[in-house]
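Structure record follows, encoded as C-alpha cells.
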Amino acid sequence: MIGQPARDRTLDKRPDGIWRGAFFSMASPCELLARTQRKSTAAKALELVSEEAWRIEAKFSRYRDDSVVAEIHRARGSWVSLDDETNRLLLFAQQVWELSSGSFDITSGVLRRAWSFQPGSAPPDQASVERLLPLIGWSRVEFRPPKIRLPEGMEIDLGGIGKEYAVDRAAELVSNLEGEFLVNFGGDLRAVTQQAHDHSAHGELRSDLSDASTSWADSTSPTGSSSPADSTSPTGATGWTVGVESPAVDDVAIAEIHLASGALATSGDSKRAVVHGGTRYGHVLDPRTGWPVPHAPRSVTVHAPTCVEAGMLATLALLQGENAESFLEEQGFRHWCVR
Amino acid sequence: MKRLLFFFVAASALTGSSVGCAHVGVEPWDRDILAEPEMSLDADAVDLGLDDHIYFSKEASSGGRGFGGGGCGCN
Amino acid sequence: MQLSPRKNPTSLRTGLALAAASLLGPKAASAAIEDVEVGSGVLVYTEPGRVSALEAVALVTRNFWDKHKLSLRVVYDTLTGASPNGAVASRSPQTFTRPSGSGSYTVNANETPLDDTFKDTRFAGSLTYDRPFLSAGRWNVGLQGSSEHDYLSIGASTGITREFDRKNTTISLGVSGSRDEISPEGGVPTAFAEMGAATGHHEDDFTRGDDGEYDENRGEGSGDTKSVVDGVIGLTQVVNRTTLIRFNYSISNSSGYLNDPYKFVSVLYGPDDPSAGDPITYLYEKRPDSHTKHSIYAQAKKRIASTTMDISYRFLWDDWGITSHTAELKHRVPIGETVYFEPHVRLYEQTAADFYRTYLLSGEALPAEASADPRLGPMTAITVGNRVGGFHVGEQEFAVTLEYYRQFLKDGDQPAFGSLEGLDLSEDMGAFMFRISHGWEP
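Protein chains in written order, with this note's numbering: chain A, -19 to 319; chain B, 4 to 78; chain C, 173 to 614.
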C-alpha cells in the first residue's frame, strides 16, 4: 500500500469576491469556485467536494491496494461481490461499451504493457500487441450484478470514468447549498447554478429569464483542451467563464467559454504520444486492434449536461479518429477539437 | 377616471415600502419565493392569452404587457 | 454475461443520457433533463342575446438542456351571434343588407341594431425559438399566422433580453411586424358609400358582376391589406425577496385598411326636419389609414404572507384621440395544500376616437372620417371574477375561472334629438366568461 496521499485543502477569497478552494486528487489539481456570501458556506462546499473526490479516488484507483478495483484483480478468476456504487459504475461502463460498439472498453488498460508513451520510446511490435488482445474485451467479463468475475490476466480501469463521475457527484453534493459553484477536477468541470425565478419582461416575447444562460465565446476556431476554470463575467452575470487551453502551449487560453449550466470534459493529452520514424503515434488506442486510432485529434472538449456524458463523448470522439468533429456534430453537442 | 387613479395609488402603496429601500435586488440564494411559479410576472400564460384576445376584440386598447396582438379581423 | 456490442445504436445521445441518469440518480441528472411543458385552455364567452364565442388554445414548450427552447402555440376560436353594426336605434324597424349582399335582416323599433350574421372560425398559430445570447442575455425569434374566412395575417417577431446585477434587473427589447389581408364578404365596401340594397340572391349562389347597386358600393375590390409594426422596451426589477416589478413602453403602428367593413354610420334627418332623428340611410364607416398607439404598462407582483398579489396598470394613448386606463388586481389566496382562490378585478376606461360619431346628419358636410363602432366610443368597463385553481389529477393541474364583464357605454358628444329622445343610443353590454385551463409537465 502506497502511503496516504497528502490531503490538504486551501480556501481563499479572490479579489473579485469569489471563494476558491484548492486541493489535489486523482493525479490532478482540483478546485472549487463558490459565489456565495458566507465563508462558512464556501468552506462547507470545499469540504464536501474534496472529501468526495478523495473517497472516489481511494475506492476506484487502480494504484491502491485497498481499492475495489484491486480487490477484483486480486480475485484472479473468482467471483467478487460488489457494492451498489461499483455496480452502477460498471453498468454505466457496460452501457457505453454497447453504445460505442465496443470502442470504449474499460478492459483495454492492459495495452499499457506494450505501449509506453515515454518520450523517445518506440512503438511496440505487432506480436507483443497481439499477445495482449485476448485479455481485452468486456464481452469476456462475467458481470452479473452484484457480482463480477474477471478472467485471469485481465484488468479493469475506471480511470476513464472516475474523475468525471467524481465531478458530477461533487456537484450534486453542493447543489443544496446556497450559492453558485464550479467544480473543476483537473479540467473536467461542472457548473452548479441556482434555479432562479421566472420573470419575463413582457409576455409575448416569451423571454425566459429563469434560467442562467449558456453562451459561447465564439472564437474563430473554438478548440482546445481542458483547463482551469476562471472566474466570473462582469457584474451581475452568472455562470462561469472558463478558459480552454491549447494542449501545445501551457497556460495560454485559446478560447473562453461561458459555462452557465452543464459540464465540460476533455479527453486527450498532447504529452502522451510517440513520435517514431516520422510517424506520430497518438495515445488513443483502439481496444479492438491494440493500435492507436489514426488521425485522432490531440484533444477533444465537449459540453454536455453531465460530466460523465461530456467525458464519454470526448473519449468516443477521439476514437472516431478523423471523424471526431462530424461525430460530435451529429450528436449535437458543443465541442472544441485540437488537432 | 378618479376612481381608477385612486385604485392605482392604493395599489402602489402595497409595494411602496420596498421600493423605497436602498438595497434593491436579492442574492441568488434568496430567490426561493421569487422562484415559485405564481411569482412569475406571466404566470398562467394560457389564461392571459385568452383574456387578451377578448379585450382586444371588445375595446380600443391592446398590448402593454406584450405586443399589441392583432392578426385577427375582430377589431 | 456474454454480450456482443450493439451495432448502430439508435441514439447514442439518448442512450448516454439514460446511462448517466442511472449512474448519477434521477436527482443529479434532473437539472439537466430536457422537458416538455404543455398548457391548454378553453374559454366560453357569451353575451346573452348577442354573440357567443368558444376559444381553445394549446401551448407546448420544449426545453432543451442547454437552455434553448421552442414553443408552439395553437389557437382555435369560433364566434356566432349578433353584434352591433354601428347604426343607432330608431322608432321604427330598420332593415339592413347582409354583408354578403344577399338577403337582409330587420331590427325591431327601439332596439340597438345588431347584425346577426356573424359566424366566424379562426385558426392561429405561432412558433417561437428562444436561446441564450451572449453571456447574460437571451434572444428569441418567432413566426405567427392567423386565418379566418375573411382575414389572413402573417407575422414575425424578434426580441432580446439582457440581465444585470445578479439577474435582478432585466432589460428587454422586442419588435414584431405583420401583414394582414382583409377580404370581406361581398368585397371591400367603399368608405362612406351607402349601404346597398340586397340583391335578393341566396348566399349560396351569390355571384358578382351583376350591375346592382350593392356591388357598385362594394367597389374597392375583393380585398385590401394592413401592416402592423410593434415595438416594446421593458425593464424588470427584483425589488426584494418578495417583490418584483416591471415597466414596459410599447408603440404600435398600423397602416393600410383599418376600417371595419361590416360597420355603418346612420345618417339622420336633422333637428329642423319634420322627421328629425329618423334614419335616411347608412354609410360604410371610414377610419384614418394609419393608427399609432403608445402605452405604458406597470406591473407589480408581491408575496404577502402566503398570498400573492398581482397589480397592473396601463395607460394608452393614440393619434386617434383615444386615451385609456386599465387597472387590474389579482390576489391568489391558498385554501388548501395546493388549491387556491384568485379573485380578479379589472377596471377599464377609454375616451372616444376623434372621429367617433353616434350618427351623421343630412345636410351636414361629410367629415373626413367617421365611425360609429361602439368600441371606438367612450366607455367604462369592469370585470369581476374568481379563479379556483391548483387541482391536481396525476401530473395534470387544472383551474376554472368564472368572470363577468360589463361595458358601460357612454353617450358621445352628440345629443339625442327628435325621435331619438328617450332611446338608449349607447346600450350597455354584459358578458360571462368561463375558462378551464390546464397545465402538464410530462
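Ideal placement from N, C-alpha and C gives every residue a C-beta, glycine not left out.
Any C-beta of chain C under 9 Å from that of residue i
i	result
A/Phe313	yes
A/Leu112	no
A/Gln17	no
A/Trp316	no
A/Gly223	no
B/Cys24	Its pLDDT being 42, under 50, B/Cys24 is placed unreliably by the model, and the measurement read from it follows with that caveat. Chain C contact via Cβ: present.
B/Ser21	Only weak support is given to the placement of B/Ser21: the predicted model assigns it a pLDDT of 39, under 50, and the value that follows is read from those uncertain coordinates. Cβ-Cβ to chain C under 9 Å: yes for B/Ser21.
A/Asp148	yes
A/Ala240	yes
A/Leu28	no
A/Leu130	no
A/Tyr145	yes
B/Ala14	Because B/Ala14 carries a pLDDT of 44, less than 50, the predicted location of this residue cannot be relied on, and the following value inherits that uncertainty. Chain C, which has a Cβ nearer than 9 Å to the Cβ of B/Ala14, makes this yes.
CB contact below 9 Å: residue i versus chain B
i	result
C/Glu541	no
C/Gly221	no
C/Glu169	Nothing about residue 169 of chain C can be reported from this structure: the residues present for chain C run from 173 to 614 only.
C/His564	no
C/Ala254	no
C/Gly327	yes
C/Glu567	no
C/Asp376	In this prediction, C/Asp376 scores a pLDDT of 41, lower than 50, which makes its location untrustworthy; no coordinate-derived value is stated.
C/Asp382	Because C/Asp382 carries a pLDDT of 45, less than 50, the predicted location of this residue cannot be relied on, and no value is offered for it.
C/Ser609	yes
First through last residue of the beta strand (DSSP E) which encompasses residue i
i	result
C/Gln568	568 to 581
A/Cys317	315 to 318
A/Glu122	122 to 124
A/Arg111	Segment 106 to 112 is the alpha helix (DSSP H) holding A/Arg111; no beta strand (DSSP E) there.
C/Val210	207 to 218
C/Tyr421	415 to 428
A/Leu244	243 to 247
C-beta neighbour in chain A for residue i, strict 9 Å
i	result
C/Pro304	yes
C/Ser615	Given a span of 173 to 614 for chain C in the structure shown, any question on residue 615 of chain C remains unanswerable.
C/Lys239	yes
C/Ala308	yes
C/Gly297	no
C/Gly197	yes
C/Leu188	yes
Start-to-end residues for the alpha helix (DSSP H) that takes in residue i
i	result
C/Ala365	No alpha helix (DSSP H) contains C/Ala365, which DSSP labels as neither H nor E.
B/Gly52	48 to 61
A/Glu389	Residue 389 of chain A cannot be examined here, being either before or after the span of chain A that is shown, -19 to 319.
A/Glu160	Looking at the DSSP string, A/Glu160 is not in any alpha helix (DSSP H); the run it does join, the beta strand (DSSP E), is 160 to 165.
C/Gly253	Careful: C/Gly253 lies outside any alpha helix (DSSP H), inside the beta strand (DSSP E) at 241 to 256.
A/Thr295	287 to 299
A/Ile116	First-last for A/Ile116: undefined, no H or E at that position.
Partner residues on chain A for residue i, Cβ-Cβ distance less than 7 Å
i	result
C/Arg185	Gln311, Gly312
C/Ala191	Phe72, Gln75, Val76
Chain-ordered chain B contacts of residue i [CB-CB under 7 Å]
i	result
C/Leu548	Ala63
Interface residues of chain C facing residue i [CB-CB closer than 7 Å]
i	result
B/Ala38	Ordered by position in chain C, no residue passes the 7 Å Cβ test against B/Ala38, which lies about 11 Å from the chain.
8 Å Cβ cut-off: residues of chain A touching residue i
i	result
C/Leu532	Here the premise fails: no neighbours, minimum Cβ distance about 38 Å.
Neighbour list for residue i in chain A, Cβ cutoff strictly below 9 Å
i	result
C/Ser194	Arg68, Leu71, Phe72, Gln75
Cross-chain neighbours of residue i in chain B, by beta carbon under 9 Å
i	result
C/Leu215	Asp50, Leu53, Asp54, His56, Ile57
C/Leu231	Ala48, Val49, Gly52
Amino acids of chain B, ordered along the chain, whose beta-carbon sits closer than 8 Å to that of residue i
i	result
C/Ile354	Gly76
C/Thr573	Asp50
C/Asn312	Those do not exist, as C/Asn312 stays about 12 Å from chain B at its closest Cβ, beyond 8 Å.
C/Asp337	Gly28
C/Arg418	Leu44
Chain-ordered neighbours of residue i on chain C, where CB pairs are closer than 8 Å
i	result
A/Met6	Simply none; closest approach about 17 Å.
Residues in the region 53 to 71 of chain B with C-beta within 9 Å of chain C's C-beta atoms, listed in sequence order? For the region 53 to 71 of chain B, the residues whose beta carbon sits under 9 Å from a beta carbon of chain C are, in order, Leu53, Asp54, His56, Ile57, Tyr58, Ser60, Lys61, Glu62, Ala63, Ser64, Ser65, Gly66, Gly67, Arg68, Gly69, Phe70, Gly71.
Short-range partners of chain B found in the region 449 to 479 of chain C, where Cβ spacing is below 9 Å: When CB distances to chain B are screened at a threshold of 9 Å, the residues of the region 449 to 479 of chain C falling below it are Lys465, Ser467, Ile468, Tyr469, Ala470, Gln471, Ala472, Lys473, Lys474, Arg475, Ile476, in chain order.
Going along the chain, which unbroken runs of the beta strand (DSSP E) with 3 or more residues stay wholly within the region 436 to 504 of chain C? Listed in chain order, the complete beta strand (DSSP E) runs (minimum 3 residues) inside the region 436 to 504 of chain C are 436 to 440, 451 to 456, 462 to 476, 479 to 490.
Scan the region 266 to 354 of chain C and note each continuous beta strand (DSSP E) run of 3 residues or more that stays entirely inside, going in chain order. Runs of the beta strand (DSSP E) inside the region 266 to 354 of chain C: 266 to 269, 276 to 279, 286 to 305, 309 to 320, 323 to 336, 341 to 354.
Using a Cβ-Cβ cut-off of less than 8 Å, give me the residues of the region 399 to 414 of chain C that come near chain B, in sequence order. Within the region 399 to 414 of chain C, the residues whose Cβ lies closer than 8 Å to some Cβ of chain B are Val400, Asp402, Val404, Thr408, Gln409, Val410, Val411, Asn412, Arg413, Thr414, listed in chain order.
Complete runs of the beta strand (DSSP E) confined to the region 510 to 574 of chain C [at least 3 residues]: Along the length of the region 510 to 574 of chain C, whole beta strand (DSSP E) runs at least 3 residues long occupy 512 to 522, 551 to 565, reported in chain order.
Name, going along the chain, the residues of the region 483 to 516 of chain C whose beta-carbon falls closer than 7 Å to a beta-carbon of chain B. Of all residues in the region 483 to 516 of chain C, Ile483, Tyr485, Arg486, Leu488, Ile494, Ser496, His497, Thr498, Ala499, Leu501, Arg504 have a Cβ within less than 7 Å of some Cβ in chain B.
Which parts of the region 40 to 65 of chain A are runs of the beta strand (DSSP E), unbroken and 3 residues or longer, counting only runs that do not cross its ends? Entirely contained in the region 40 to 65 of chain A, the beta strand (DSSP E) runs reaching 3 residues are, in chain order, 59 to 61.
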